[in-house]
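S.K.:
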Amino acid sequence: MKLKKANAILGLFAICILLAHAGYQIVAYILFLYNPMVTKVLGWLTVAVVFMHAILGMSMVMFVHDGGSLSAYPKANQRTILQRASAIGIMVAVVLHIKSFEMLSSGNLGLAAAELTQFIFFSCVFTHIATSFSNAFVTLGLLGDMDKKKKIDRVVYVICAVLWAVAVIVVGKTYVALAAMH
């Protein structure tokens, strides 16, 4: 149980850092102000915490057998399946996310690849947050009422959907403007 609680804390910390990174980038893109040091520090700190969270989570599933069988009751486990699939998506797409700015210099194909990369990446990130957020509080013993959990989940889904839309639109428009400059 200590590993689950540690991972829940890492997950909440990762969400906070991720929101700081995404928030800074969105503001920087809207205002066309870029401070590479802030971007890199927030970005690499986010990657480091997410990586620790992912390693701990995968270790618990593989070695502590805390994963359970998701295929036995797929309907009942849809949320967990979505949570894990989005986690895998993040791990796969993060490298392309980091390289997406470089893709812009490859013409229209590079712009399309960068846009698609960001769409997939943001979809995975905000899906993972939406399916994980309240679970962390349950794991930490701070949320026991399942009706409150459902209400929190609904609010978090809406917030994540709005943040996803803002990120996709702002980054998409900025990438189009930057690609037009080349």
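Going by my numbering, the first residue of the sequence shown is number -2, and it counts up by one from there.
Cβ coordinates follow ideal geometry from the N, Cα and C atoms, glycine included.
For the pair the region 152 to 167 and the region 113 to 127, tell me if three or more CB-CB distances fall below 8 angstroms.
M.R.: These segments touch.
S.K.: If you pair each beta-carbon of the region 100 to 114 with each one of the region 135 to 151, do three or more pairs fall below 8 angstroms?
M.R.: no
S.K.: Checking 8 angstroms against the spacing of the C-beta atoms, do A53 and L7 come in under that value?
M.R.: Translated into the one-based positions of the sequence shown, residue 53 becomes position 56. Translated into the one-based positions of the sequence shown, residue 7 becomes position 10. Before going on, a small fix: residue 53 reads as Leu here, not Ala. A contact, by the Cβ cut-off of 8 angstroms.
S.K.: Among Y31, C13, L28 and I85, which has the Cα closest to the Cα of S120?
M.R.: Sequence index remark: in the sequence shown, residue 120 carries index 123 (1-based). Nearest option by C-alpha distance: I85.
S.K.: Looking at the structure shown, is F60 part of a helix, part of a strand, or coil, going by DSSP?
M.R.: Stepping through the sequence shown from its first residue, residue 60 is reached at position 63. In the structure shown, F60 falls within a coil segment according to DSSP collapsed to helix, strand and coil.
S.K.: Let me confirm a value: F60 is counted as buried when at least 16 other C-beta atoms fall within 10 Å, else exposed. Which label applies?
M.R.: Reading the sequence shown from its first residue, position 63 is the one you call residue 60. In the assembly as shown, F60 is an exposed residue. Its beta-carbon has fewer than 16 other beta-carbons within 10 Å.
S.K.: Compare the C-alpha of A82 against each of F118, G107, E99 and N105 and name the closest.
M.R.: Counting from 1 along the sequence shown, the entry for residue 82 is found at position 85. Measuring from the Cα of A82, the nearest candidate turns out to be F118.
S.K.: Beta-carbon separation of L175 and L106 under 8 angstroms?
M.R.: The sequence position of residue 175 within the sequence shown is 178, counting from 1. The sequence position of residue 106 within the sequence shown is 109, counting from 1. Cβ distance not < 8 angstroms, so L175 and L106 don't count as in contact.
S.K.: I need the straight-line Cα distance from L15 to G40, nearest angstrom please.
M.R.: To locate residue 15, count along the sequence shown from 1; it is residue 18. To locate residue 40, count along the sequence shown from 1; it is residue 43. The alpha-carbon atoms of L15 and G40 are separated by roughly 8 angstroms.
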